[in-house]
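To start, the structure itself, in structure tokens.
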Amino acid sequence: MSVVAVCPGSFDPFHNGHLDVVTRAAAQLDEVVVAVVDNPAKQGLFSVEERVALVEEVTADLPGVRVDRFTGLLVDWCAEHDVTVMVKGLRTVADFEYEVQMARMNAHLAGVETIFLVTDPQWSHVSSSLVKEVARLGGDVSALVPTAVLRPMLERL
Ligand code: PNS
Numbered sequence: 578m579s580v581v582a583v584c585p586g587s588f589d590p591f592h593n594g595h596l597d598v599v600t601r602a603a604a605q606l607d608e609v610v611v612a613v614v615d616n617p618a619k620q621g622l623f624s625v626e627e628r629v630a631l632v633e634e635v636t637a638d639l640p641g642v643r644v645d646r647f648t649g650l651l652v653d654w655c656a657e658h659d660v661t662v663m664v665k666g667l668r669t670v671a672d673f674e675y676e677v678q679m680a681r682m683n684a685h686l687a688g689v690e691t692i693f694l695v696t697d698p699q700w701s702h703v704s705s706s707l708v709k710e711v712a713r714l715g716g717d718v719s720a721l722v723p724t725a726v727l728r729p730m731l732e733r734l
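Residue numbering for the sequence shown follows this note's numbering, beginning at 578 and increasing consecutively.
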């Protein structure tokens, strides 16, 4: 039986911590679907179409990885696609508290399991919001995001 997992997120933008989690998940599972949330109530730096395109570009060489988008409840997307497990990265205790709550809610709603991968320490300080803030203020974030993301992000900021 092949194991397909979803790796959901905002990915605004996709950074090296995301890439590390997706790469490690893909090494252990048959297929990983990176699912970009489309939240019309939240204005991102990039549109959902742009985020999908950037994640596709960055993960193009990773076997077993594809990209999709979803709106509404993630467990509904999981049911529509016969996916019963999701993968999340854990950076900090704050992540743990929030992610455990979501994992329990997703299990409660639809029996969807969550597998946590502990973030590689080199990326434990990296979040999309901090990357954007530092870049906006002129800091060097070139080591924190894939090259395909860096240029469009700096142009957009
Ligand atoms: O990258 P993020 O913003 O931390 O990702 C959060 C995300 C998109 C995974 C989470 O907000 C989510 O699953 N949103 C979809 C709506 C939903 O299912 N909410 C209930 C979560 S228990």
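For each residue, glycine too, the CB sits at the ideal point set by N, CA and C.
Can you find the residues in the same chain that come closer than 8 Å, C-beta to C-beta, to residue i, ignoring five residues on each side of it along the sequence?
i: alanine 603; result: Val609, Leu639, Pro640, Gly641 and Val642
i: arginine 733; result: Leu622 and Phe623
i: valine 660; result: Val581, Ala582, Val583, Val610, Trp654 and Val689
i: methionine 578; result: none
i: leucine 731; result: Ala712
For residue i, tell me which candidate among the options has the shortest Cα-Cα distance.
i: valine 598; options: Leu731, Val711, Ser701 and Pro729; result: Ser701
i: alanine 612; options: Val644, Val581 and Ser624; result: Val644
i: valine 652; options: Leu631, Leu667 and Glu690; result: Glu690
i: arginine 668; options: Val703, Phe623 and Gly621; result: Val703
i: phenylalanine 647; options: Val695, Arg733, Thr661 and Val629; result: Val629
i: valine 664; options: Pro590, Leu596 and Met578; result: Leu596
i: alanine 637; options: Thr600, Cys584 and Arg733; result: Thr600
i: leucine 650; options: Gly666, Met679 and Leu631; result: Met679
i: glycine 621; options: Ser587, Trp654 and Arg681; result: Ser587
i: valine 670; options: Met682, Val695 and Leu714; result: Val695
From which residue to which residue does the beta strand (DSSP E) around residue i run?
i: proline 585; result: 581-586
i: alanine 553; result: Here the chain comprises residues numbered 578 to 734, so residue 553 is not present and cannot be evaluated.
i: aspartate 645; result: 642-647
Going by the CB atoms, is the gap between residue j and residue i shorter than 9 Å?
i: glutamate 634; j: alanine 725; result: yes
i: valine 632; j: leucine 606; result: no
i: aspartate 615; j: serine 705; result: no
i: alanine 618; j: cysteine 655; result: no
i: phenylalanine 693; j: glutamate 710; result: no
i: glutamate 626; j: proline 729; result: no
Within the continuous alpha helix (DSSP H) that includes residue i, where are the two ends?
i: threonine 636; result: 625-636
i: glutamine 605; result: 593-605
i: alanine 725; result: 724-733
With a CB to CB cut of under 7 Å and the five nearest residues on each side skipped, what residues in its chain are close to residue i?
i: histidine 685; result: none
i: serine 719; result: Leu727
i: asparagine 593; result: Trp700, Val703, Leu721, Val722 and Pro723
i: phenylalanine 673; result: Leu667
i: aspartate 697; result: Asp597
Near residue i, what residues of its chain come up, given a Cβ to Cβ distance below 6 Å and the 5 sequence neighbours on each side ignored?
i: asparagine 683; result: Val652 and Val689
Check your understanding: Counting only runs that start and end within the segment 654-705, where is the beta strand (DSSP E) found for 3 or more residues in a row?
Key -> 662-667 and 690-695
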